[in-house]
Amino acid sequence: MKEIILCKYGEIVLKGANKKYFEDMLCRELKKRAKAYGSFDIYRAQSTIYIEATDDTADIDGMFEAARKVFGIVTVARAAVCEKNMEDIAKVVREYIPSFLKGLHTFKVEAKRSDKSFPLDSMEISREIGGVVLESCRGIRVDVHHPDVIVKVEIREFGAYVSAGSFKGAGGMPIGSNGRGLLLLSGGIDSPVAGYMLAKRGVKLEAVHFESFPYTSERAKEKVLDLAKLVAVYAGDIKVHIVSLTHIQEELVKNCEEDYFTLLLRRYMMTIAEKLAEKYNCGALITGESVGQVASQTMQAIGVTDNAVNIPVFRPCIGLDKEEIVQISRQINTFETSILPYEDCCTVFTPRHPKTRPELEKVLVQERKLDFDALVNEALESEYTEYVEAEY
Numbered sequence: 030m031k032e033i034i035l036c037k038y039g040e041i042v043l044k045g046a047n048k049k050y051f052e053d054m055l056c057r058e059l060k061k062r063a064k065a066y067g068s069f070d071i072y073r074a075q076s077t078i079y080i081e082a083t084d085d086t087a088d089i090d091g092m093f094e095a096a097r098k099v100f101g102i103v104t105v106a107r108a109a110v111c112e113k114n115m116e117d118i119a120k121v122v123r124e125y126i127p128s129f130l131k132g133l134h135t136f137k138v139e140a141k142r143s144d145k146s147f148p149l150d151s152m153e154i155s156r157e158i159g160g161v162v163l164e165s166c167r168g169i170r171v172d173v174h175h176p177d178v179i180v181k182v183e184i185r186e187f188g189a190y191v192s193a194g195s196f197k198g199a200g201g202m203p204i205g206s207n208g209r210g211l212l213l214l215s216g217g218i219d220s221p222v223a224g225y226m227l228a229k230r231g232v233k234l235e236a237v238h239f240e241s242f243p244y245t246s247e248r249a250k251e252k253v254l255d256l257a258k259l260v261a262v263y264a265g266d267i268k269v270h271i272v273s274l275t276h277i278q279e280e281l282v283k284n285c286e287e288d289y290f291t292l293l294l295r296r297y298m299m300t301i302a303e304k305l306a307e308k309y310n311c312g313a314l315i316t317g318e319s320v321g322q323v324a325s326q327t328m329q330a331i332g333v334t335d336n337a338v339n340i341p342v343f344r345p346c347i348g349l350d351k352e353e354i355v356q357i358s359r360q361i362n363t364f365e366t367s368i369l370p371y372e373d374c375c376t377v378f379t380p381r382h383p384k385t386r387p388e389l390e391k392v393l394v395q396e397r398k399l400d401f402d403a404l405v406n407e408a409l410e411s412e413y414t415e416y417v418e419a420e421y
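Start counting at 1 in the sequence shown, then tack on 29, and there's your number in this note's numbering.
This is the structure:
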């Protein structure tokens, strides 16, 4: 019996004349990921993407799980393929469906007849196949309102497809369909979640990580690269640009009032990130800030840091509380890495009483104590890049 994977997409169907553009991106991403699992034929028809193994060595289980992590796909199902006649469909239902219904109590059948030349309509197909399921699976009954599982029969151009239940996909939009963004990636919980959330909206990620060696360790950097690798499972390969802030932080400690350290450092970080975004053709910065979570994330503090740049700053976590962010981090498997006890640059030289309601003019007075542009350019000269490949 031949088994294939059926992927359904959501928002893309609403794109009108641009629909093909998004479908092509989605198919390219699936083909890229399929290489790790063997030889597959991937094609689309009627708002469905078909993934079909071309030989017996292909890992259909691995490909199924990989497809569930592709942004743009809403549901993923395994289906058996048969000829477009009721005899073959009934035979496949008897052989293929019972294993999916073990331990369940109720079902219903949904039929879709895209090929209008098929002699039975959708209601007639559902009625006949429902009878076959009842004959094949003892102890199960029909519930058309709240079934435990939906058995689907689809009569399409290429054949008939039989499936039972589907799994939730990653949702969102295809990677790269909405431009490029530069993620400020720390070693904490929030920034990997922010990157994931923007990638889900079709933004191709690059990242910048700020280190403060020797105040931060080599292991702290490795932790960040591990986080990038986990995000890359969803977002694809990520270039992580690493920049040293050591000299800037030492100069802040020598010359500026302690209460302003965090705000001034954030302004340096944003400025450096903006210049890297321009260098790497990124249209926006992405941060993991949530309003009110820490002193540098009050409304006034965010306004002061935003004043340092002229490109959009996306903050997808801005309205989430910590528990909501943690929940997403667990979902994408970054939480346990994020809580490893390695400091990042933002925890070095932390002021005892940081300003929570800063006034921009007073911040600028402190900033003028240093040669801002010279320090930014010096930091940019320290940049080097680590290429993080996605492991699908």
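We put the CB at the ideal spot given by N, CA and C, even for glycine. Quantities reported herein were computed from a predicted structural model and do not represent experimental measurements.
Pair within 7 Å by beta-carbon distance, residue i and residue j
i      : j      : result
Met135 : Lys268 : It is Thr, not Met, that sits at residue 135 in the sequence shown. No, the Cβ-Cβ distance between Thr135 and Lys268 is not below 7 Å.
Met226 : Pro345 : yes
Thr300 : Leu213 : no
Ile204 : Lys233 : yes
Tyr72  : Asp88  : no
Ile218 : Ser319 : no
Leu294 : Val392 : no
Ala108 : Val121 : no
Ile33  : Glu81  : yes
Ser273 : Ser411 : yes
Leu404 : Asn336 : no
Gly200 : Val260 : no
Val417 : Ala257 : yes
Val173 : Val162 : no
Ala140 : Ser155 : yes
Leu211 : Cys56  : no
Ala419 : Asp255 : no
Sheet register partners of residue i (DSSP bridge)
i      : result
Ser195 : According to DSSP, which records beta bridges pairwise, Ser195 is partnered with nothing at all.
Phe129 : Looking at the DSSP assignment, Phe129 forms no beta bridge with any residue, so it has no partner.
Glu139 : Lys181
Leu213 : Val237
Met202 : Arg230
Cys111 : Ala189
Asp70  : Glu81
Val222 : Beta-bridge pairing links Val222 to no other residue.
Lys258 : According to DSSP, Lys258 bridges with nothing at all.
Leu35  : Tyr79 and Ala106
Lys351 : Its beta-bridge partners do not exist; DSSP assigns none.
His270 : Val237 and Thr414
Phe343 : Ile315
Residue nearest to residue i in terms of C-alpha spacing, selected from the options
i      : options                           : result
Leu35  : Lys64, Lys44, Phe69 and Ala46     : Phe69
Ala236 : Glu94, Leu314 and Ile340          : Leu314
Asn207 : Asp335, Lys391 and Phe100         : Phe100
Asp400 : Leu281, Ser195 and Ile179         : Leu281
Ala264 : Tyr421, Val355 and Asp85          : Tyr421
Tyr38  : Gly198, Pro127 and Asp266         : Gly198
Ile78  : Phe51, Pro127 and Gly91           : Phe51
Lys31  : Thr275, Cys56 and Thr83           : Thr83
Gly231 : Arg209, Leu149 and Val342         : Arg209
Ser192 : Ile361, Ile340, Phe290 and Leu130 : Leu130
Ser143 : Leu369, Leu59 and Tyr190          : Tyr190
Lys60  : Ser220, Lys351 and Ala95          : Ala95
Lys5   : Asn406, Leu133, Glu153 and Glu279 : Residue 5 cannot be examined here, being either before or after the span of the chain that is shown, 30 to 421.
Glu251 : Pro370, Asp350 and Ser358         : Pro370
Ile357 : Ser220, Pro243 and Asn284         : Ser220
Asn362 : Asp53, Val338 and Val262          : Val262
Ser146 : Phe187, Asp53 and Arg359          : Phe187
Integer Cβ distance of residue i from residue j, believed to fall under 8 Å
i      : j      : result
Val182 : Ile118 : 6 Å
Ala249 : Gly216 : 6 Å
Phe196 : Arg97  : 6 Å
Gly194 : Val178 : 5 Å
Pro387 : Ala330 : 6 Å
Val138 : Gly159 : 5 Å
Phe6   : Met328 : In the structure displayed, the chain extends from 30 to 421; residue 6 sits before or after that span and is not available.
Arg185 : Ala74  : 7 Å
Lys48  : Val42  : 7 Å
Ile277 : Ala408 : 6 Å
Glu287 : Gln395 : 10 Å between Cβ atoms; not a contact.
Met115 : Glu157 : 6 Å
Phe126 : Ser165 : The identity of residue 126 in the sequence shown is Ile, whereas the question assumes Phe. Going by Cβ atoms, the distance from Ile126 to Ser165 rounds to 7 Å, so yes, they are a contact pair.
Thr334 : Arg296 : 6 Å
Ser325 : Thr275 : The Cβ separation is near 19 Å, so there is no contact.
Proximity test, residue i beta-carbon vs the ligand ADP heavy atom, cut-off 6 Å
i      : result
Phe364 : In terms of ligand content, the structure shown is empty, and the ligand ADP therefore cannot be addressed.
> Where in the stretch 162-195 do unbroken runs of the alpha helix (DSSP H), each at least 4 residues long, occur, reported from the N-terminal end onward?
Replying inline: none
>> Just to confirm the assignment: which complete alpha helix (DSSP H) runs, minimum length 4, are found wholly within the stretch 272-324?
In response: 275-284 and 290-308
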